[in-house]
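Trainee: Take any residue in the sequence shown, note its place counting from 1, add 292, and you have its number in this note's numbering.
Even for Gly, the Cβ is constructed at its ideal location relative to N, Cα and C.
Mind looking over this structure? Questions follow.
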Amino acid sequence: MNKVVVMVASPKCERSGTLIPTKAFVQGLEENGDFETEYIFIDKMNIKPCRGCLSCWGRPDGSCFIKDDDVPGIREKLTNADIVIWSFPLFLFGIPGQMKVLMERIVGMFHPYMGQKLDKDVIESKSALHGLRFQKEGQKIILLSSCAWCDIDVVYEPTIKQFDCIFGHENYQLVACPQMRALHHRGGERRLKILHDRYWQGGAEFAKTGKLSQESIDLMQKCIFSDAAYEKLVVEFVTHMFDRDDNF
Ligand SMILES: Cc1cc2nc3c(=O)[nH]c(=O)nc-3n(C[C@H](O)[C@H](O)[C@H](O)COP(=O)(O)O)c2cc1C
């Protein structure tokens, strides 16, 4: 049985729009292989912020001195999973605060910085500046994110840069779902089915091959609303934001 851990970073928890493509992807995985999935809602966890001492890097197991919250248990699950899916909304062109706070607490899972000067090869190949040091062999990491903007190449650039530095470009796969807020609340059955089917297919492919083809990534990342329809919806949404009961 392969273990899948889904780290849900949206503060909306079960009402997260990002969970729609995430769950479809997981369903595609589970229906095409031997997978067992656990969802961890970061916002519901007791996670104390990093105190900045870096003593974790001095411990052989990289553990944090803070032991009385949920982080030790989460770390155990992250270490032993076969697939880790970080499911998060894009916030200010980066990851949500809750996810950042957790990642800072597990910095001991990464190789420490040892004063090295980077050579050109590392920079050009986008190799990890840290890289995971405690990770089940063969573990795969997927960043499955959603956002409002259509131009995902631009809006995800800072996040890609950050994760290239942390994990190394080859060691994770980002899949970004544009127009999510409008799809979630105004997509209608037909569009939501298109979204579901694309991500289900992605999960099925990943279950069978252990990777995602560029074709599948492109399809999952493709906008579903036309530019004109989407702009109209966003304007309407923002203008009437305070009259709405579907803000959460
Ligand atoms: C504080 C905040 C910042 C956001 N920043 C961005 C952003 O930089 N780029 C973007 O495309 N969408 C941004 N969004 C929109 C969300 O990424 C988008 O609505 C997402 O689909 C929400 O997912 P969720 O329902 O899983 O929380 C932001 C939303 C919030 C609340």
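May I ask you to list the residues that DSSP assigns as paired with Lys295?
Mentor: Looking up residue 295 in the sequence shown gives position 3. Bridge partners of Lys295: Glu328.
Trainee: Is it the case that the CB of Lys304 approaches a heavy atom of ligand 1 more closely than 6 Å?
Mentor: Stepping through the sequence shown from its first residue, residue 304 is reached at position 12. Yes, the Cβ of Lys304 comes within 6 Å of a heavy atom of ligand 1.
Trainee: For Gly386 versus Pro313, is the C-beta spacing smaller than 7 Å?
Mentor: In the sequence shown, residue 386 corresponds to position 94, counting from 1. In the sequence shown, residue 313 corresponds to position 21, counting from 1. Result no, Cβ atoms of Gly386 and Pro313 do not sit closer than 7 Å.
Trainee: Buried or exposed: where does Tyr522 fall if 16 or more other Cβ atoms within 10 Å of its Cβ makes it buried?
Mentor: In the sequence shown, the residue the question calls residue 522 occupies position 230. Tyr522 is buried by the Cβ-count criterion.
Trainee: In chain order, what residues of the same chain lie with their CB nearer than 6 Å to the CB of Ala316, ignoring the 5 residues before and after it?
Mentor: The sequence position of residue 316 within the sequence shown is 24, counting from 1. Only His488, Tyr491 and Trp492 meet the Cβ criterion.
Trainee: I'd like to confirm the pairing. Which residues does DSSP put opposite Val376 in its beta bridges?
Mentor: Start at 1 with the first residue of the sequence shown, and residue 376 comes out as number 84. In DSSP, Val376 forms a bridge with Val297 and Ile433.
Trainee: Cβ of Cys439 within 6 Å of any heavy atom in ligand 1?
Mentor: For the purposes of this step, residue 439 is taken as residue 147 along the sequence shown, with counting starting at 1. At least one heavy atom of ligand 1 is nearer than 6 Å to the Cβ of Cys439, so yes.
Trainee: By the DSSP assignment, the alpha helix (DSSP H) with Val399 in it spans what residues?
Mentor: On the sequence shown, residue 399 is found 107 positions in, with the first residue counted as 1. No alpha helix (DSSP H) holds Val399; DSSP gives it neither H nor E.
Trainee: Excluding sequence positions up to five away, which residues of its chain have a Cβ less than 7 Å from the Cβ of Lys295?
Mentor: In the sequence shown, residue 295 corresponds to position 3, counting from 1. If we look at Lys295 and ignore the five residues flanking it on each side, its Cβ neighbours are Glu328, Asn372, Ala373 and Asp374.
Trainee: Return yes when the Cβ of Gly309 is within less than 7 Å of the Cβ of Ser417, no when it is not.
Mentor: Numbered from 1 along the sequence shown, position 125 holds the residue referred to as residue 417. Numbered from 1 along the sequence shown, position 17 holds the residue referred to as residue 309. Not in contact: Ser417 and Gly309 (Cβ atoms no closer than 7 Å).
Trainee: Taking the DSSP output, what are the residues bridged to Pro381?
Mentor: Counting from one through the sequence shown, the residue named residue 381 turns up at place 89. Bridge partners of Pro381: Ser438.
Trainee: Does the Cβ of Arg367 have 16 or more other Cβ atoms within 10 Å, making it buried, or fewer, making it exposed?
Mentor: As a working mapping, residue 367 is identified with position 75 in the sequence shown. Per the 10 Å Cβ criterion, buried.
Trainee: In this structure, does DSSP put Gly389 in helix, strand or coil?
Mentor: Position 97 of the sequence shown, counted from the start, is the residue given in the question as residue 389. In the structure shown, Gly389 sits in a helix (DSSP, three-state: H, G or I).
Trainee: Would a C-beta distance cut-off of 7 Å place Ala301 and Met395 closer than the cut-off?
Mentor: The sequence position of residue 301 within the sequence shown is 9, counting from 1. The sequence position of residue 395 within the sequence shown is 103, counting from 1. Going by C-beta atoms, Ala301 is not nearer than 7 Å to Met395.
Trainee: Tell me, please, which residues DSSP counts as bridged to Val467.
Mentor: Residue 467 sits at position 175 when you count from the first residue of the sequence shown. Val467 pairs with Leu436.
Trainee: Under the criterion of a Cβ to heavy atom distance below 6 Å, does Met472 qualify as lining ligand 1?
Mentor: Locating residue 472 in the sequence shown gives position 180, where the first residue counts as 1. Yes; taking the cut-off as 6 Å, the Cβ of Met472 has a heavy atom of ligand 1 nearer than that.
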